[in-house]
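Okay, so here's the structure we're looking at.
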Amino acid sequence: MKQITDYITNHKQRFLNELISLLKIPSISADPAYSKNVLDAANFVKLSLEKAGCDTVEVHETKGYPIVYGEKFIDKDLPTILVYGHYDVQPPDPIDLWNSPPFEPVIQKTELHPEGAIFARGACDDKGQMYMHVKAMELMVNTNQLPCNVKFMIEGEEEVGSNNLAVYVAENKEKLANDIILISDTGMIANEVPSITTGLRGLSYVEVEVTGPNRDLHSGLYGGAVANPINILTKMITSLQDEDNHITIPGFYDKVEELSKEERAEMAKAPFSLGAYQKALDIESVYGEKGYTTNERNSIRPTLDVNGIWGGYTGEGAKTVIASKAYAKISMRLVPHQDWREITELFKTHFESIAPVGVTVKVTPHHGGQGYVTPIDTIGYKAASKAYQTTFGKKPIPQRSGGSIPIVALFEQELGSKTILMGFGLDSDAIHSPNEHFGVWNYLKGIETIPYFYTYFTELMKDEN
Ligand code: BES
Ligand code: MN
Ligand code: MN
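Going by my numbering, the first residue of the sequence shown is number 3, and it counts up by one from there.
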C-alpha cells in the first residue's frame with residue numbers, strides 16, 4: 003500500500019525527532035534517583051497515545067511506576083489487539099564506555115546500519131520499538147485504515163521484574179481482554195533475514211552471600227587458618243558446572259524440554275556465521291554446554307551465569323585482607339516446562355548444602371518468570387509472517403530467543419491470550435550495554451510492517467468466523 007510508505011516518507015523526520023525527545027528522558031527504573039524522570043516518560047507516552055488517536059488514555063498508578071493504558075474502540079465485532087511495551091530503561095553504566103552520552107541521542111552510521119542508527123539508552127530496548135507502535139497507530143488513524151480495536155499497555159517496570167504489572171493484569175482481566183497481544187521488545191536475525199521470535203527463556207535471579215569470620219582480617223596473620231569467603235564462593239560457583247558445562251544442581255534438568263532431531267535440524271537452517279559471531283565479540287572461540295550448537299546454547303538450553311561478584315578490597319593498589327563476606331548475583335535462564343520458583347528452590351537447597359564448614363551461606367531470590375513458546379500454526383503467527391513478507395519481501399524465520407520477558411507467560415495464564423513477538427532490533431544493537439542503538443531503517447520498517455499485521459490479523463480472524 004503506497005499510502006503507508008508515503009505517510010512514512012512524509013513524516014519520517016518528525017517520527018525520529020519524537021523518539022529522540024523520549025530517549026532524552028533518563029527513565030531508569032532500577033535507580034530511585036531517577037524516579038521523576040521515569041514519571042516524565044510515562045507522561046510522554048500518555049500524551050503521545052492521545053495524539054496518535056486513542057479515545058481513552060489513562061495513567062494507572064501502582065505501588066511502583068504507573069502503567070499507561072490507551073485504547074481506540076471501533077466495533078465490538080472486530081478483533082482487539084493489545085500492544086505491550088515498556089518505557090523504562092536499564093541503567094547506562096559503565097558510562098565511560100559510551101562514545102556519546104546515553105541520554106543525548108545521536109544518529110551515526112554503522113556497518114550493519116548504513117542508513118544510521120540512533121545511539122541512546124533505550125533506543126532499541128524498548129523505547130524505539132514501543133514507539134513504532136504509537137506511530138503505526140497514528141499512521142493507521144490518519145490514513146483511515148485502522149481495521150480493528152486497539153489497546154495499549156505500556157509499563158515502567160519491565161527492567162526490574164514487572165511486579166506491579168502482574169497485579170494490574172490480574173485485577174483488570176476484562177479491561178485487557180483481547181484476541182492477540184503484540185510486542186516489539188525482541189530482535190531479528192538480520193535486516194536481510196527477518197525472523198519472528200517464537201520463544202523466550204524463563205529466568206531465576208538470585209543473590210548469594212558467604213560469611214566467614216566476624217570481621218575483615220589481616221591476610222598474613224589469619225591467612226591459611228580460616229575460611230576465606232571469596233575463595234569459598236568462587237569454588238562453590240565453579241562446582242555448579244561440570245567439565246561439559248552441564249549444570250550440577252540436582253533436578254535442574256528434570257523438566258527441560260528436549261527438542262527432537264527434526265526440530266533441531268529445522269533450527270540449524272537459520273543462517274548463522276560462527277566466524278562473524280566470534281569476530282563481533284572479539285573472541286577466538288565460543289564456549290558452552292557440550293553437545294549443543296551456539297544457537298541451541300543461547301535459546302533452547304538452560305544456563306547459569308554469574309552477573310556480578312564482589313567482596314574484599316577492590317580499590318587502588320593492594321590491601322592485605324581476608325574479607326568477612328563475599329557476594330554474587332546469579333541468573334539462570336530457563337526453558338519451557340522448568341518452573342522458575344521450583345528452580346530457585348533447587349538452587350537454594352543445593353547451594354546451602356555445598357557450603358563447607360567454616361562459612362555460612364545465604365541465598366536471596368530476586369525475581370524470575372516463566373519461559374514462553376508460541377506455535378506457528380496460529381492466525382497471529384500467520385498474520386505476522388504475511389506482514390513481514392509484504393514489507394521485507396521475504397518469509398520470516400521462526401526463531402526462539404534467549405532473552406526473557408516474564409510477563410508474556412503471565413499474559414497467557416491470566417488473559418488466555420497468545421503473544422506475537424515482532425522484534426526489529428539486532429543482537430548487535432547492544433541492549434543493556436554501552437552504546438545501545440537502534441537502526442533508523444529498522445525503526446521505520448517496524449512502523450511500516452505493524453499496520454499490515456493489523457490488516458492481515460483482522461482478515462484472518464474474519465475468515466475463521
Ligand atoms: N527486551 C528485553 C528482553 C529480550 C531482548 C528478549 C532481546 C529477547 C531478545 C527485556 O527488556 C529484558 O531485558 N528482560 C530481562 C528480564 C527482566 C526480568 C529484567 C532479561 O532478559 O534479562
Ligand atoms: Mn525490553
Ligand atoms: Mn531490557
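Note that CB positions come from ideal geometry on N, CA and C, so glycine has one too.
These numbers come from a predicted model, not from an experiment.
Check, Outcome
"Beta carbon of S406 nearer than 8 Å to that of R123", "no"
"Contact test: H88 Cβ vs ligand 2 heavy atom, cutoff 7 Å", "yes"
"Cβ-heavy atom distance, H369 to ligand 1, below 7 Å", "yes"
"Euclidean distance between Cα positions of W443 and T145", "22 Å"
"CB-CB length for L178 against V212, believed under 8 Å", "Not really, about 43 Å apart at Cβ, beyond 8 Å."
"Among K65, D90, M139, N467, nearest to F17 - alpha-carbon criterion", "M139"
"Span of the beta strand (DSSP E) around E60", "58-62"
"Cβ-based neighbour list, S206, same chain, cut-off 6 Å, excluding 5 preceding and 5 following", "M334, W342, I345, T346, G370"
"Beta-carbon proximity check, A54 vs V169, cutoff 8 Å", "no"
"Option nearest Q92 by Cα separation, candidates M132, I30, L114, P81", "I30"
"Assigned exposure category for N39 - 16 Cβ within 10 Å defines buried", "buried"
"Burial state of H2 (16 or more Cβ within 10 Å)", "Nothing can be reported for residue 2, as the shown portion of the chain is limited to 3 through 467."
"Beta-ladder partner(s) of G189, from DSSP", "G427"
"Cβ-heavy atom distance, H434 to ligand 4, below 7 Å", "Only ligand 1, ligand 2 and ligand 3 can be found as ligands here, which leaves ligand 4 out of the picture."
"T188 beta carbon near ligand 1 (any heavy atom closer than 7 Å)", "yes"
"Option nearest I183 by Cα separation, candidates Y456, D465, E461", "Y456"
"DSSP three-state assignment for L49, whether helix, strand or coil", "helix"
"Integer-rounded CB distance, given that V361 should sit under 8 Å from Y208", "Note that residue 208 is Val in the sequence shown here, rather than Tyr. Contact doesn't hold; Cβ gap of about 17 Å is too wide."
"Range of the contiguous beta strand (DSSP E) that encloses R402", "399-402"
"Candidates P231, I285, R217, T305: closest to I251 by CA position", "T305"
"Closest residue to A119 among D431, A320, L462 (Cα-Cα distance)", "D431"
"When G201, N174, W100, N166 are compared against H434, the one with the closest alpha-carbon", "W100"
"DSSP three-state assignment for S206, whether helix, strand or coil", "strand"
"Cut-off 7 Å between Cβ atoms - residues of its own chain near I381, not counting five sequence neighbours on either side", "F459, L462, M463, E466"
"Option nearest V375 by Cα separation, candidates E354, G395, L423", "L423"
"Outcome for T240 when other beta-carbon atoms lying within 10 angstroms are tallied against a minimum of 16", "exposed"
"One or two residues paired with P367 in a DSSP bridge", "V208"
"Bridge partners - H439, DSSP secondary structure assignment", "F121"
"Rounded Cβ spacing between A32 and V162 (contact assumed at less than 8 Å)", "5 Å"
"Burial state of R217, where buried means 16 or more other Cβ atoms lie within 10 Å", "exposed"
"Candidates D256, G201, H115, G158, of which the one nearest G486 by Cα", "Since the first residue shown for the chain is 3 and the last is 467, residue 486 is missing from the structure and cannot be characterised."
"Euclidean distance between Cα positions of Y89 and G225", "49 Å"
"Rounded straight-line distance, which links the Cα of E113 to that of F121", "14 Å"
"P103 versus V70 - alpha carbon distance", "27 Å"
"8 Å Cβ cutoff met for E416 and A172", "yes"
"Inter-stretch contact at 8 Å, needing at least 3 Cβ pairs: the region 72-81 / the region 385-405", "no"
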